[in-house]
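Step one of this worksheet: look at the structure below.
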Amino acid sequence: MSSFVNPTLLWGLLILAAPILIHLINLMRHRRIQWAAMEFLLASKKKNNTWIKLKELLLLLLRLAAVAAVVLIVAQPLLQNQLGRLFGDTKTNHVVLLDDSFSMSDRAGTSSVFDEAKSLIGRLGAQAARQTTPQTFTLLRYSRAGAGTTGTQYDMLKDRVDANFDQKLDDTLRRLAPSQTAVGLSPALDAMAQFLSEATGEETIVYVVSDFRARDWEEPGNVAEGLAQISERAAQLHLVNCADAARPNLAVTALAPRGGTRAAGVPVSIEVTVRNFGGTPVENVAVLLSEDGRERPAVSIDLIGAGKSETRRFEVFFATAGTHQVTARLQGDAVAADNTRYCLVELPVAVSVLVIDGDPDARNARFLATAFRPGGNARTGLEPQIERPDYLNKHALDKYRTIYLTNVERLDNPAITALENYVKAGGGVVFFIGERTAARFYNEKLYRDGLGLFPVPLLRETQLLVDRLEKGADIEAAPEGLFSIFAGERNSFLAGVTVEKYFSVPKSWSPPADSGTQVLARLRNGDPLAVERKFDKGHVVAILTTAAPLWNNWGRNPSFVVALLELQSHLVEAGSRDESRLVGTPLRMALDAARYQPRVRWLTPGLGEAGSTTVDAPIGPNGLDLSLAETDAAGVYELQLSTTDNQVESQRFAFNVAPDEGDLAIVDRDELAGRLKNVRYDYRQAADFHATSHDLAGSNISDWILYLLVGILVGEQLLAYSASYHPKAKGAPA
Amino acid sequence: MTSDSKRFLHPEAVQRIAHLEVRARHIVEGFLSGIHRSPYFGQSIEFLQHREYTHGDDLRHIDWKVWAKHDRYYVKQYEEDTNLRCTLLVDVSGSMRYGSGPLSKYDYGCTIAASLAYLLLRQQDSVGCVSFDDAVRVTVPPRTKRNHLQSVIAALDVSKPHEKTDLYRILRTVAEEYPRRGMVVLVSDLLAERDGLFRGLRLLKQRGHDVLVFHVMDDDELDFEFSGSTRFEGLELSEHLSCNPRALRDGYLEALHAYLDEVRRGCAQNVVDYALVRTSQPLDVALATYLSSRLGMHHRN
């Protein structure tokens, strides 16, 4: 059974009586003519009577049909699906998937794209309220689909559209604001697939209300699949774009410390990257900086090309140890969320470095320790600790950022295992060869045909022959890599280094491809002198000569300190655990249950004490199981902990927005069509989107009736013409 | 006075007839004035006038006595003796009452008859008149007197027309009543049974009459340009028909043309001069037809 948008207008069908009445009235008021030539008239009538009657009947029927069609067009019948016809009223469920990623906060004047989306949803609700069939309304934000531990949280779930619906929708919409997440459509589509599988016997209309940024649709992948599934299951799929134009936008896309040793009292280099997502270059961009909340001189970038990024490095100095916060901020533009970026710099009092020496007199180790801590005013932030090899299997190594082994003859198996685990977890290890070094032990235990952590197989102790004719340097730094600062002719320090003895490697050895092994420096005869290898998360460097000036004079050369500090900073950086957390990703961590009390307190950024939540962390297999699901705001979150001996500790976590979400380019309609080949959808701008009753319930067949009406009228004219009801044109032959 | 003449003297009728006479004279004289030389001077005893001889005149007509007195050639002209006896058969039946224009078929037919009568009387021919519907209504015997026109016109006025059924009967009556050879002019819409018509015409031809048929039809009847729902009520037949005339027009015209063809063919077969006249046509056309027919008759005679 079909229903009508305007059922009361069906009374108009009474007009159907009009053609019949007109016919009857015409019968009453016909002309009378006294006629002589009845004979011919009667003959004509006898001949044509059947045809005329038939034509007139057809004509009457056509005219009735035309009148009925006009009435039906006005009444707008809705043809509902088969199921609906069987059971009468079909329930229509309107499902709105609302993009609340922060690119929706794109603001032009006083109104943002998100406001436009809200007003569109308001209109949809109002349209639904006007329908006669039962309607329900579901609203889901992208960021709420499958979010956190609580699963999908609908803002409205199958709410009946009744008299109070408008008010309810208004209240709901008023609460909504764009999040700072960059979550895509995919989770919402998953939720939708489940929703549709539960919705049987209902007609579902899905509206994807978003800003359709080009970046989201470059590789639609499973989004296209999800949409294809929805378009199969749902009655209609509307993609509504609320963004009218791509406005220029600047974003701080990166802010992180780079290189050097991070310790209290040592300057820390920090890199800030600003990206111009707009189509025109931007000049004189000031990046406002603050250290722990104190303003510091801004970094100015002269010019950022269209679509380009510019990176600037600046140094911050914190005298005290602890976690320090650096914030970079741009002046306001279209999207505010990506104008600020937070970075936490964790500075210990000093960085502990373990130096193991196989020789009891520790000559090599002392040279290293002196290089790490030269004394006087020069502060490197490093704290070397000299130990014997058996220290390795007795003590925890994770408090050291790097471990140096010099002149080690052999290590027992637990020590090797501890060392390997240390590197795998991201630690840095440097081997210096010495006179005690036994090639066989290194090859069998440490190199292990490339499976161990030592980067090269060793052959034997070798004398570098003095070349009296060639005045070149003994060490040739590779043009790329750790020692690249020495590469080039101008460096005179490295040229003064003489190597007499070293451990050679088999002639056949060359760095295996894709193993992360590279030769950092070679001797003048081409043999490797320094080799680096990536071992799981950590790095291992082998220097095939002594640290102390025994086999060489490097230890007395100023370049030794420089090289060592470079090496140290490289290893620390390579293994650094600077986590870049994205807004919206839950924070999970495990703490030692023996050390901390289960009651913890979370502080959310921007809200101060009001935003604090206190929870009792459950104890999991790895200790206290801490998690924070609500990380929807960018900023620094703080975790306050109490130790079992009632000491208060705190940890801080910086959450930043996804850097790419600030790209406001809008996907082209044709491009979208190309990406969504198998999807049956309707794409419109929000301004053009006026959900008609056609869209809202069932399929409105008014258009078809209109075409039918045109057909009927044409047929009526043709028939009337053939029935000679039209006068012939004047002058035409009779 | 007879009841007929009372009806005849009815003011409306008088007026109409007077009108008719005037109209006839006007039409005929207007028509004749366009012809310079009348060919209708025949042999007679009664002298009419002398006329100066012109080239081409018959030498036999020269009056030699006048030549002797005046030494000029004059030809003698005589009033032509009546050598034509014309009977006007005028249909005054109900079907003739139809008219879409200013003149009904009846008026038109009567005008033709009156005009012819006037013309003939002016030419000293004798004119008789028979008006008929289902039977002969009035019979006026042929006379040559000028005032005979009144009698002819009076005969044309029939107030209660009847339907005509059998033309053969009428024509046979006429053939029997006028045994002398002459000219018979039938003015009718011929809406009757065709066989009877043709038999009657054949009979008249057999009796030696020269027959001329004026078939009077109205424009509406010929063109059938009606529109809108119409109820046609038979003037003679009691039938009526409500219809949309446009729908029936093609069939009507087809039947009409078949009928006209039949009539034309039947007349041709019986050597009868046939002229179809529309009531919208000027009367001169009808008279021109008559005169050309007469010319032809002269030649035939």
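Line by line, the protein sequences give chains A and B.
Using this note's numbering, you'd call the opening residue of the first sequence number 20 and step up by one each time.
Using this note's numbering, you'd call the opening residue of the second sequence number 763 and step up by one each time.
Glycine included, every Cβ here is placed at the ideal spot set by N, Cα and C.
As the structure is a prediction and not an experimental result, all values here were calculated from the model.
Practice problem: Would you give the residue range spanned by the alpha helix (DSSP H) that residue 740(A) belongs to? | Solution: 721-741
Quiz prompt | Residues bridged to residue 447(A) [DSSP beta-bridge criterion] | solution = 421(A), 558(A)
Exercise. Any chance you could list the alpha helix (DSSP H) runs of at least 4 consecutive residues sitting entirely within the stretch 256-311 of chain A, in chain order?
Key: none
Exercise. May I ask you to report which of helix, strand or coil DSSP gives residue 520(A)?
Key: strand
Exercise. Return the CA-CA distance between residue 372(A) and residue 390(A), expressed in angstroms with no decimal places.
Key: 12 Å
Quiz item: What is the rounded straight-line gap between the Cα of residue 600(A) and the Cα of residue 556(A)?
Solution: 19 Å
Practice problem: List the residues of chain B that residue 742(A) touches, going by C-beta distances under 9 Å, in chain order. | Solution: 1006, 1008, 1009
Quiz item: In this structure, what does DSSP give as the bridge partners for residue 977(B)?
Solution: 950(B), 1038(B)
Practice problem: Examine chain A for any beta-carbon lying closer than 7 Å to the beta-carbon of residue 897(B), and answer yes or no. | Solution: no
Exercise. Could you check the C-alpha separation between residue 853(B) and residue 71(A) for me, to the nearest Å?
Key: 35 Å
Quiz item: Run through DSSP, which three-state label would residue 571(A) get?
Solution: strand
Quiz item: Ends of the beta strand (DSSP E) at residue 685(A)?
Solution: Residue 685(A) -> no beta strand (DSSP E), and no H or E assigned at all.
Practice problem: Out of 118(A), 234(A), 359(A), point me to the one whose CA is closest to residue 675(A)'s CA. | Solution: 359(A)
Practice problem: Using a Cβ cut-off of 7 Å (strictly closer), state whether residue 992(B) contacts chain A. | Solution: yes
Quiz item: Exposed or buried, which one is residue 678(A) when buried takes at least 16 other CB atoms within 10 Å?
Solution: buried
Quiz item: What distance in whole Å lies between the Cβ atoms of residue 856(B) and residue 987(B), which are believed to be in contact at a cut-off of 8 Å?
Solution: Contact doesn't hold; Cβ gap of about 23 Å is too wide.
Quiz prompt | C-beta atoms of residue 549(A) and residue 474(A) nearer than 7 Å | solution = no
Exercise. Tell me whether residue 589(A) sits in a helix, a strand or coil according to DSSP, three-state version.
Key: helix
Self-check item: chain A residues whose Cβ lies nearer than 8 Å to that of residue 953(B)
Solution: 55, 56, 58
Self-check item: First and last residue of the uninterrupted alpha helix (DSSP H) at residue 177(A)
Solution: Careful: residue 177(A) lies outside any alpha helix (DSSP H), inside the beta strand (DSSP E) at 175-179.
Quiz item: What in chain A is Cβ-close to residue 1014(B), meaning under 7 Å?
Solution: 59, 60, 63
Exercise. Measure from the C-beta of residue 857(B) to each C-beta in chain A and report whether the shortest distance is under 7 Å.
Key: yes
Practice problem: Give the residues of chain B in contact with residue 41(A), contact being defined as C-beta atoms less than 8 Å apart. | Solution: Under the 8 Å cutoff, chain B gives no residues; its nearest Cβ is about 11 Å from residue 41(A).
Quiz item: Residues bridged to residue 116(A) by DSSP?
Solution: 159(A), 227(A)
Self-check item: Interfacial residues, the stretch 956-978 of chain B to chain A, with Cβ spacing under 8 Å
Solution: none
Exercise. Please report how far the alpha carbon of residue 458(A) lies from the alpha carbon of residue 236(A), in whole angstroms.
Key: 57 Å
Quiz item: Residues in its own chain within less than 7 Å of residue 191(A) by CB, not counting five upstream and five downstream?
Solution: 158, 174, 175
Quiz item: Going by other Cβ atoms of all chains shown within 10 Å of its Cβ, with 16 needed for buried, is residue 805(B) buried or exposed?
Solution: Note on residue 805(B): pLDDT 49, under 50, position unreliable in the model; no value is reported.
Self-check item: residue 534(A) versus 472(A), 155(A), 34(A), 518(A), residue with shortest Cα-Cα distance
Solution: 472(A)
Quiz item: In whole angstroms, what separates the C-alpha of residue 143(A) from that of residue 720(A)?
Solution: 21 Å
Quiz item: Are the C-beta atoms of residue 50(A) and some chain B residue less than 7 Å apart?
Solution: yes
Quiz item: Going by the CB atoms, is the gap between residue 233(A) and residue 731(A) shorter than 7 Å?
Solution: no
Practice problem: Thinking residue 293(A) and residue 249(A) are a contact (beta carbons under 8 Å), I'd like their distance in whole angstroms, please. | Solution: Actually they do not touch by this definition, with Cβ atoms about 38 Å apart.
Quiz prompt | Same chain, Cβ closer than 6 Å to residue 332(A), neighbours up to 5 away in sequence not counted | solution = 288, 290
Exercise. With hydrogens ignored, establish whether the beta-carbon of residue 919(B) is closer than 6 Å to any heavy atom of the ligand FAD.
Key: For the structure depicted, the ligand FAD is absent and the ligand set is empty, with no information on it obtainable.
Self-check item: Assigned secondary structure, residue 758(A) (DSSP; H/G/I helix, E/B strand, else coil)
Solution: This structure does not reach residue 758(A), given that chain A is present from 20 up to 753, and the question cannot be answered.
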